[in-house]
Amino acid sequence: MPTDVDASFRTLRRVAAGHFLVFLGVVVAVPVLTLTVDWWSAGRLIGGMSPSFVMAAFGLYLFFFALSAAAATLSNAVEERMLGEQEREPAEHHGDPA
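Reading the sequence shown from the start, the letters are residues 6 to 103 in my numbering.
In structure tokens, the structure reads:
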């Protein structure tokens, strides 16, 4: 395995581990807040929804989307910078050979 590919793999593994820790922290924070902060489950927002419900129903999905977009963007940028532009092979034609 070439050294640049190995270095890129190690860097991307660190990026993935960092994003996983952020994901885990936010997912664990929701039940911890429910158990420790009274207003988190007793407070009311628009439509009588508690902050905990709003976070579980909408906030986590928005967070998951933002985290996945950030992870993909950063991973692509790291790979592009470390490995450079890979030469793309022309698409094969699946038809009549002419």
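Even glycine gets a Cβ: it sits at the ideal position worked out from N, Cα and C.
Just so we're clear, the structure is a prediction, and the values are computed from it rather than from any experiment.
Per DSSP, the continuous alpha helix (DSSP H) segment holding residue 18 begins and ends at 8-41. The residues 80, 83, 84, in chain order, have a CB closer than 8 angstroms to that of residue 17 in the same chain once the five nearest residues on each side in sequence are set aside.
Within the same chain, Cβ atoms closer than 8 angstroms to the Cβ of residue 68 are found at 31, the five residues on either side in sequence being excluded.
Residue 42 and residue 9 have their C-alpha atoms roughly 48 angstroms apart.
The C-alpha of residue 38 lies about 27 angstroms from the C-alpha of residue 20. Contact check for residue 22 against residue 87 fails: the beta carbons are separated by 8 angstroms or more. The Cβ-Cβ distance between residue 55 and residue 62 does not fall below 8 angstroms. Counting C-beta atoms within 10 angstroms of its own C-beta, residue 73 has fewer than 16 neighbours from the protein chains shown and is therefore classed as exposed. The three-state secondary structure of residue 60, taken from DSSP, is helix.
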